[in-house]
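Data first, discussion second: the structure below is written as structure tokens.
2 protein chains.
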Amino acid sequence: MKKLTYNELITIRKTIEEFKISEKHDIILILDNIRSSYNVGSLFRTCDSANVKKIILSGYTPHPPKDEIHKTALGAVETVDWEYVEDIKSVLVKLKNAGYKIAAVEITDNYVSYDNLKLEHFPLVLIMGNEISGIEDDIIELCDFSIEIPMYGVKHSLNVSIAAGIVIYESVQKYRQYFINNK
Amino acid sequence: MKKLTYNELITIRKTIEEFKISEKHDIILILDNIRSSYNVGSLFRTCDSANVKKIILSGYTPHPPKDEIHKTALGAVETVDWEYVEDIKSVLVKLKNAGYKIAAVEITDNYVSYDNLKLEHFPLVLIMGNEISGIEDDIIELCDFSIEIPMYGVKHSLNVSIAAGIVIYESVQKYRQYFINNK
């Protein structure tokens, strides 16, 4: 067994031009009132790898251009579609009317385990909230359901960029299973 | 739908005492030559949530006590079993002899997709290597296989703590499917 070299890797990855016109997974990530620029940058990098449709930054979530975001995004700010909106609520209503299911990644009394997403949960909007306080109650009210990652330990939550990474990848794999591999 | 409150959450989580004697998922995480203390701390927090058996830190990976680790571990240094060893190679041989399958989370020519782990891949050791250069070649030689997260974008890798989070949670869910839920 041997590691692939950089030269072998670049032959199997998309160029920026190929990526821009490639078919996206129909999943939108919303980052509402996230505090840390490093988390935002790191999530740009995850969304490039997962090839999700778009990132929407809202509230006081920091947005590009910002050095700390670029530091952890490693170029993904240029590849992933994104926009900033001040208040996410009217956007959520529009997305809902366009057929999206709105999921809060949060612990609520109406949750689906992250590894139990079904065909009817797509196309999917994933909302991540503040690192400490989570998603605001008036946003929770606009959500169709919440997605929970089971916690088997003492702590109540994961780092926000890790929780998002786990849910995004699982959503993408399910999306591919339902809409791409079964075509 | 409403968020669970802190008082509701603490009734459904384990206490430190309950956690210490709870049955662990038989998965060991090795962090070899990781540079960032923040990544190490964040992975302690993930390993608490995932209830994995142990973290082994090796090479120049920073280890507790260290302020930056405690900052992102949020207490998980006290709940997750861990040890530091200078050279991981003899430990890998011992784990192999004890029946563990050794997996490099790395892009190689002999990989299993992270969501395709089978019964025969357990009990499992997951190795994460340096943020830039990945796992050293002499460690790769001791591995049974590698685990790959599919990259659908332009970039070649994820942040190390996000990649680890995705692979750890998928491993835990498969472990539970094979060894706990089917008991």
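Note that the protein sequences, when read in sequence, are chains A and B.
All residue numbers for the first sequence refer to this note's numbering, where the first residue is 711 and numbers rise by one.
All residue numbers for the second sequence refer to this note's numbering, where the first residue is 711 and numbers rise by one.
No residue lacks a Cβ here, since even glycine has one placed at the ideal position from N, Cα and C.
On the criterion of 16 or more Cβ atoms from any shown chain inside 10 Å, does B/Lys884 qualify as buried, or is it exposed?
buried
Any beta-carbon of chain A closer than 7 Å to the one on B/Thr721?
no
Kindly identify the DSSP beta-bridge partner or partners of A/Leu836.
A/Leu739 and A/Ala813
Determine which residues share a DSSP beta bridge with A/Glu793 and list them.
A/Ile766
Burial state of A/Ala814, where buried means 16 or more other Cβ atoms lie within 10 Å
buried
Are the Cβ atoms of B/Ser768 and B/Ile798 separated by less than 7 Å?
yes
For chain A, find out if any of its Cβ atoms is closer than 7 Å to the Cβ of B/Glu724; answer yes or no.
The identity of residue 724 of chain B in the sequence shown is Lys, whereas the question assumes Glu. Yes, contact with chain A.
Is it buried or exposed, B/Asp777, if we count other Cβ atoms within 10 angstroms and call 16 or more buried?
exposed
Keeping to the same chain, check which residues put their C-beta closer than 8 Å to that of B/Leu827; ignore five residues upstream and five downstream.
Leu834, Ile857, Glu880, Ser881 and Lys884
Of the residues B/Gln887, B/Tyr770 and B/Cys757, the one placed nearest B/Gly839, counting alpha carbons only:
B/Tyr770
Measuring straight from C-alpha to C-alpha, what distance separates B/Ile872 and A/Ile876?
8 Å
Can you look up B/Thr818 in the DSSP assignment and give me helix, strand or coil?
strand
B/Ser856 (DSSP reduced to helix, strand or coil)
strand
If the criterion is Cβ atoms closer than 7 Å, does the pair B/Val870 and B/Asn743 meet it?
no
Closest Cβ-Cβ distance between B/Gln887 and chain A: below 7 Å?
no
Pairwise C-alpha distance: A/Ala808 and B/Asn820:
42 Å
If you measure between the beta carbons of B/Asn761 and B/Lys734, is that distance less than 7 Å?
yes
What residue from A/Ser746, A/Leu836, A/Phe754 and A/Lys806 has the CA that sits closest to A/Asp791's CA?
A/Phe754
Run of the alpha helix (DSSP H) containing A/Phe754, from where it starts to where it stops
Ser747 to Ala760
Along the region 786–816 of chain B, where does the CB come closer than 7 Å to a CB of chain A? Name the residues.
Ala786, Thr789 and Glu816
According to DSSP, is A/Lys713 helix, strand or coil?
strand
Bridge partner(s) assigned by DSSP for B/Ser823:
B/Glu858
Any C-beta of chain B sitting closer than 7 Å to the C-beta of A/Phe729?
yes
Helix, strand or coil at A/Gly875 [DSSP, three-state]
helix
Is the shortest distance between the beta-carbon of B/His773 and the beta-carbons of chain A less than 7 Å?
no
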